[in-house]
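A short write-up of the structure that comes next.
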Amino acid sequence: MALFAGVDSGSTSTKAVLLDEGGIIIGTHLVPSGNNFRKSAEVVLHTVMDKTHSKRDDLAAIVTTGYGRFISGLNSKAMSEITCCGRGAHYLHSAVRTVIDIGGQDSKAIKIDGTGKVVQFSLNDKCAAGTGRFLERIAVSLELDLERMAGLSVQSQQKLPISSTCVVFAETEVISRISNGEAIEGIIKGLHSALASRIHILAVGLNIEKDILVCGGGAKNAGLVKEIEELLGEVVLPSGIDPRFVPSIGAALIARDSQREQVESKPGESQ
Amino acid sequence: MLTVKTKRLESARTLSAAIRKIYQEVWTSRPLAWSVNSSNPLNDISRILGIHVAYPENYACVCTAQHLSGKYCTIAEAHNYKPELCSYIRNNFGYLLAKDGNHPMGGIPEPDVLLSVSNGCLNFIKWFDALRLYFDKPLVLLNTPHRLFEYDVPGYYLEYVIKELEICIDKLEKISGNKLTGRKMREAAYYSREQGKYWRKLLELNKTVPAPMNLSDLANLIFIPTSLSGTAFGLDLLKEAAAEVQQRVRNKVGAIPEERHRLVMFNIPPWYRLDFVNRFAERGCVFPFGDYLRYVWCTQDIDDSDPMEHFARKALSFGHNGGYGATIAETLYSCMGDRLAKDIKDFKIDGAVIAINKSCKIMSTGGLDIARLIREKFRLPVLVIDVDQADERTYSDAEIKQRYDAFFETIGEA
Ligand code: SF4
Chain A
13 MALFAGVDSG STSTKAVLLD EGGIIIGTHL VPSGNNFRKS AEVVLHTVMD KTHSKRDDLA
73 AIVTTGYGRF ISGLNSKAMS EITCCGRGAH YLHSAVRTVI DIGGQDSKAI KIDGTGKVVQ
133 FSLNDKCAAG TGRFLERIAV SLELDLERMA GLSVQSQQKL PISSTCVVFA ETEVISRISN
193 GEAIEGIIKG LHSALASRIH ILAVGLNIEK DILVCGGGAK NAGLVKEIEE LLGEVVLPSG
253 IDPRFVPSIG AALIARDSQR EQVESKPGES Q
Chain B
43 MLTVKTKRLE SARTLSAAIR KIYQEVWTSR PLAWSVNSSN PLNDISRILG IHVAYPENYA
103 CVCTAQHLSG KYCTIAEAHN YKPELCSYIR NNFGYLLAKD GNHPMGGIPE PDVLLSVSNG
163 CLNFIKWFDA LRLYFDKPLV LLNTPHRLFE YDVPGYYLEY VIKELEICID KLEKISGNKL
223 TGRKMREAAY YSREQGKYWR KLLELNKTVP APMNLSDLAN LIFIPTSLSG TAFGLDLLKE
283 AAAEVQQRVR NKVGAIPEER HRLVMFNIPP WYRLDFVNRF AERGCVFPFG DYLRYVWCTQ
343 DIDDSDPMEH FARKALSFGH NGGYGATIAE TLYSCMGDRL AKDIKDFKID GAVIAINKSC
403 KIMSTGGLDI ARLIREKFRL PVLVIDVDQA DERTYSDAEI KQRYDAFFET IGEA
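Chains as they are written, first to last, in this note's numbering: chain A, 13 to 283; chain B, 43 to 456.
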């Protein structure tokens, strides 16, 4: 049976999704990217194959995406995360017209059509303040993990404003608020709100439509999602799958399409 | 590795040689002025009076194209020129403050006089005032009002600028020791008007499919009407380019091998990466025009029968074609939209690349409004990129490539 893999070499983690011919997800795996994209891509693919007892010979096509897409060393086609994200989101929820992807390195707002094709997109500017890195960095200085931060934020009744323009400034602000004895929950809620406001700017510039799907590592953060909903209205989250896999699902789907196209363009040749 | 390239104009080679010669000649030319080239009539007039003119702004582009902007900006910042300041200025002061003396084309010699005009951004005044203090040399400033909304130059603006010009001429005559003659003024006004005519002609020719020139050609050729304005030499160069482009149109020769998409670029291109056009060329995309090249510089036909009035009007026309300074007002008041609609139709544009350039606030303000206008009104795909015109340190290839690729995939050029 032919299988199709999507490998997303992101700045924080490398994800792999395996699809069968019918487009059913048969396996997923995630490893930290570390500093060797080539190795992490190989490992993640190897592991997902192992986990699903698949044979490498069955792998008909691979599409790589993410920052490390060109150096994965896999015999694959490279596609941008934006295109893959659109496809993946449509696969999970066909009514989606806007995807908000909050990754470690960047945040994106992507407008898609009814087939999952990208119509428009916008990405954060160079500053890390609009990305997942913003929260990661502050989590370190607060000595909290992201999950705990999300929980505190959701509980908080108070939102203390934090500057959204620069990670370093925000960090200084957080430290000064803590030393003033202000409530940590309120500070964290303020941080999530600051990040949500940056994402909101990306989205409104596209004149987005509903349904809105939030994915990437940021979608795992209930505090952030709540703040995004305050600005953009109700959003949907990928159901039954880790939201970080959306681009790799799209990549695997594109791998499957490319295989089909090849077959169609070679009539007479049997598969 | 890029395999497809923009087919460079032969006349661009002549122009490059001419630019090199100009930079060599300034070393033996006195008196020498440093000036801004924003439709600044003081340049045309200085040349008639025998004052040679060099442009630190243009030299900043030269240094940037040779990948020295990182070095110069860092030096300038170490001397407290803040990173928020336009990178042309940081390049210029970095060049001046660098100790090693290894500069592209040998650098530009110290000026005897500084010329500026207030028709552009405030930096033109502050930068040149700082140079005045640095060199301890006189600054001759042509003060002009800004025009944001009026399409006809009000008579009192004109009177004011003519009076200002007279005062500046008086100063320049004293510096040069020469007197301005009516004949020379008429000649300069004629060349200035004719250059405008040929620049418009070049842009007009680029409406043809396939486009005979890419953005990189236009970005090189703009040197002529901006920096050689009012000279017969500049006019000859433009005529030569126009003849070559006309020939390409006749022979249906395009700037890129296989034109499938025609894009418009907004904002100043990143001079250290002008080859970005080749990345687009690989995907069948050509840039027949950019706002910087079409709306910023004076492209109107300005009567030259009264040379003083011609030059005053020219100074008042800078940036008034849109873009520059007028961007946000024009976008919001939809004039930009109307003109853009016509250009999008005439140039057969099917997508846009909008640079947000933190150095040039004037060119960047309103950029996202334009992105929205193009997306919503013209329903065309838009790519927004974050690139500084002349500070290569801020450029991140992985980030830009990610945006380019997504854009190419959107327009079906994966
Ligand atoms: S800020 Fe813009 S207009 Fe002003 S000098 Fe710099 S590039 Fe030119």
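The beta carbon of each residue, even a glycine, is placed where N, CA and C say it ideally should be.
Query: Selected residue, minimal CA-CA separation from Ile64 (chain B), among B:Ala102, B:Tyr97, B:Leu425; Result: B:Tyr97
Query: Beta-carbon proximity check, Val328 (chain B) vs Gly296 (chain B), cutoff 9 Å; Result: yes
Query: Proximal chain A residues relative to Arg417 (chain B), where beta-carbon distance stays under 8 Å; Result: Gln132, Leu218, Asn219
Query: 7 Å Cβ cut-off: residues of chain A touching Leu410 (chain B); Result: Gly217
Query: Distance, Val216 (chain A) Cα to Glu342 (chain B) Cα; Result: The residue asked about is misnamed: residue 342 (chain B) is Gln in this sequence, not Glu. Using only the alpha carbons, I get a separation of about 37 Å.
Query: His94 (chain B) versus Tyr198 (chain B): straight-line alpha-carbon distance, rounded; Result: 31 Å
Query: Proximal chain B residues relative to Asp20 (chain A), where beta-carbon distance stays under 7 Å; Result: Near Asp20 (chain A) there are no residues of chain B at all, since even the closest Cβ is about 13 Å away, more than 7 Å.
Query: Of the residues B:Ile150, B:Ile404, B:Val426, the one placed nearest Ser134 (chain A), counting alpha carbons only; Result: B:Val426
Query: Nearest to Tyr176 (chain B) (by Cα), restricted to the options B:Pro73, B:Leu156, B:Ile442, B:Pro252; Result: B:Leu156
Query: The ligand SF4 site residues, beta-carbon cut 7 Å against heavy atoms; Result: B:Glu99, B:Cys128, B:Tyr130, B:Ile131, B:Gly162, B:Cys163, B:Asn165, B:Phe166, B:Trp169, B:Ile310, B:Tyr366, B:Ser401, B:Cys402, B:Lys403, B:Ile404, B:Met405, B:Gln431
Query: Complete beta strand (DSSP E) runs within the region 199 to 231 of chain A (minimum length 3 residues, chain order); Result: 224 to 227
Query: CB contact check: Glu451 (chain B) to chain A, cutoff 9 Å; Result: yes
Query: Residues from the region 416 to 439 of chain B in contact with chain A, defined by Cβ distance under 8 Å; Result: Arg417, Glu418, Pro423, Val424, Val426, Asp428, Thr436, Ser438
Query: Of the residues B:Leu263, B:Tyr240, B:Ser438, B:Lys226, the one placed nearest Pro349 (chain B), counting alpha carbons only; Result: B:Lys226
Query: Secondary structure of Ala96 (chain B), DSSP reduced to three states; Result: strand
Query: Three-way DSSP call (helix, strand, coil) for Arg321 (chain B) in this model; Result: helix
Query: Phe146 (chain A) (DSSP reduced to helix, strand or coil); Result: helix
Query: Stretch-stretch touch, CB-based, cutoff 8 Å, three pairs: the region 410 to 419 of chain B with the region 57 to 70 of chain A; Result: no
Query: Between the CA atoms of Phe16 (chain A) and Ile112 (chain A) - distance to the nearest angstrom; Result: 25 Å
Query: Cross-strand partners of Leu57 (chain A) (DSSP beta bridge); Result: DSSP, once it has assigned bridges, lists no residue as partnering Leu57 (chain A).
Query: Contact the region 218 to 232 of chain B vs the region 255 to 263 of chain B: 3+ CB pairs below 8 Å; Result: no
Query: 6 Å Cβ shell around Glu33 (chain A) - same chain, five flanking residues per side excluded; Result: Ala14
Query: Glu286 (chain B) to Leu382 (chain B) span [Cα, whole Å]; Result: 27 Å
Query: Proximity winner among B:Gly136, B:Asn185, B:Asp430, relative to Tyr314 (chain B) (alpha-carbon distances); Result: B:Asp430
Query: For Phe177 (chain B), the first and last residue of its enclosing alpha helix (DSSP H); Result: 165 to 177
Query: Closest residue to Val75 (chain A) among A:Glu54, A:Lys63, A:Lys89, A:Lys129 (Cα-Cα distance); Result: A:Lys89
Query: Val19 (chain A) versus Gly46 (chain A): straight-line alpha-carbon distance, rounded; Result: 15 Å
Query: DSSP state of Leu422 (chain B) mapped onto helix, strand, coil; Result: coil
Query: Inter-residue spacing [alpha-carbon to alpha-carbon] between Gly136 (chain B) and Ser52 (chain A); Result: 43 Å
Query: Per DSSP, cross-strand counterpart(s) of His303 (chain B); Result: B:Cys327
Query: Residue-level contact to chain A via CB, Glu441 (chain B), 9 Å cutoff; Result: yes
Query: Bounding residues of the beta strand (DSSP E) (the contiguous stretch that carries Phe16 (chain A)); Result: 15 to 21
Query: Buried versus exposed, by CB contacts within 10 Å (16 or more), Arg62 (chain B); Result: exposed
Query: Asp113 (chain A) at chain B interface by Cβ criterion, 9 Å; Result: no
Query: Nearest-angstrom beta carbon gap, Ile174 (chain A) and Ile190 (chain A) [assumed within contact, 8 Å]; Result: At roughly 12 Å, the Cβ-Cβ gap does not stay under 8 Å, so Ile190 (chain A) and Ile174 (chain A) are not in contact.
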